[in-house]
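Mapped onto the numbering used here, the consecutive letters of the sequence shown carry residue numbers 769 to 956.
We put the CB at the ideal spot given by N, CA and C, even for glycine.
Just below is one structure, and these are the notes that go with it.
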Amino acid sequence: HRDLKPQNIMIGKSGQPKVMDFGLAKTIVEKTPDASLQETQAVLTKPGAAIGTLPYMSPEQLRGEGLDARSDIFSFGSVLYEMDSHRPPFTASSAAETSSAILTVEPPPLARFTNDAPAELQRIVGRCLEKDAARRYQTMRDVALDLDNLRRAQLSGQTGGARVTTSPEAAGPSKPRVSRGVLVGAAL
């Protein structure tokens, strides 16, 4: 997609999230199963071109490197972070500082902004936001499985739904949030 951000995710009448605005997406030509990763990356983007919406761009996107699905996973992690904390994970007073933060700074823990973020959600978001694409989730299917496992654990009361807690003062005022079920739906 190459420009995944909250403004490009709409919730339909049925409650299902829909990704919109594929203006920056590249058509992927179907390859044989033995196509190399390098060939696939060449189809997805042109190296040297940094396009997208800055606060949601992956480190490799900012550097103008070849992109693959892991870049969208980083952007999705930024959206998940913002859905739970009500702020993008990387914010600064200028575009240059925001770019630098994406490339070098870890975002504040979700617990700083909400007093009921499950520890497992923090782990999932953190893995989506890994600076090194090789350490990030490799497919959205893996992200969706972990989010679905978190949802199931929370529904059954298992420890996977353990919460990261802070004092109410540290978390700040309570704000209405989008249902975490929508997070799972967005990944699927």
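Residue(s) in a DSSP beta bridge with residue i
{"i": "ALA959", "result": "Outside the shown range of the chain (769 to 956) lies residue 959, about which nothing can therefore be said."}
Reference residue i; option with closest CA among the options
{"i": "ASN917", "options": "GLU898, ALA902, PRO886, GLN906", "result": "PRO886"}
{"i": "LEU897", "options": "GLU865, VAL873, ASP836", "result": "VAL873"}
{"i": "GLU880", "options": "GLY820, GLU850, GLU828", "result": "In the sequence on display, residue 880 carries Arg and not Glu. The residue with the shortest Cα to Cα distance from ARG880 is GLU850."}
{"i": "PRO857", "options": "PRO875, GLN906, ARG920", "result": "PRO875"}
{"i": "LEU871", "options": "SER861, HIS854, GLN829, GLU888", "result": "GLN829"}
{"i": "LEU913", "options": "PRO827, ILE892, GLY783", "result": "ILE892"}
{"i": "LEU822", "options": "ASP836, SER846, ARG838, LEU915", "result": "SER846"}
{"i": "ARG895", "options": "ARG919, GLU865, ALA863, LEU848", "result": "LEU848"}
{"i": "THR882", "options": "THR866, HIS854, ARG920", "result": "HIS854"}
{"i": "ASP852", "options": "ARG904, SER861, PRO877", "result": "PRO877"}
Residue i CB to nearest heavy atom of the ligand MN below 7 Å
{"i": "PRO875", "result": "Looking for the ligand MN in the displayed structure turns up nothing, as the structure carries no ligands at all."}
Nearest-angstrom Cα separation, counted from residue j out to residue i
{"i": "THR808", "j": "GLY834", "result": "Any answer about THR808 is weak, because its pLDDT of 35 lies below 50 and its placement is not dependable; what the coordinates show is given next. Distance between the alpha carbons of THR808 and GLY834 is about 10 Å."}
{"i": "MET908", "j": "GLY925", "result": "25 Å"}
{"i": "GLY783", "j": "MET825", "result": "26 Å"}
{"i": "ASP840", "j": "ASP910", "result": "13 Å"}
{"i": "ALA869", "j": "GLN922", "result": "32 Å"}
{"i": "PRO827", "j": "LEU889", "result": "22 Å"}
{"i": "THR859", "j": "GLY832", "result": "20 Å"}
{"i": "ALA837", "j": "GLN906", "result": "8 Å"}
{"i": "LYS781", "j": "ALA864", "result": "39 Å"}
{"i": "ASP900", "j": "SER867", "result": "15 Å"}
{"i": "GLY820", "j": "SER843", "result": "10 Å"}
{"i": "ARG903", "j": "ASP884", "result": "26 Å"}
N-terminal and C-terminal residue of the alpha helix (DSSP H) that residue i is part of
{"i": "PRO827", "result": "827-830"}
{"i": "LEU913", "result": "908-924"}
{"i": "ALA837", "result": "837-853"}
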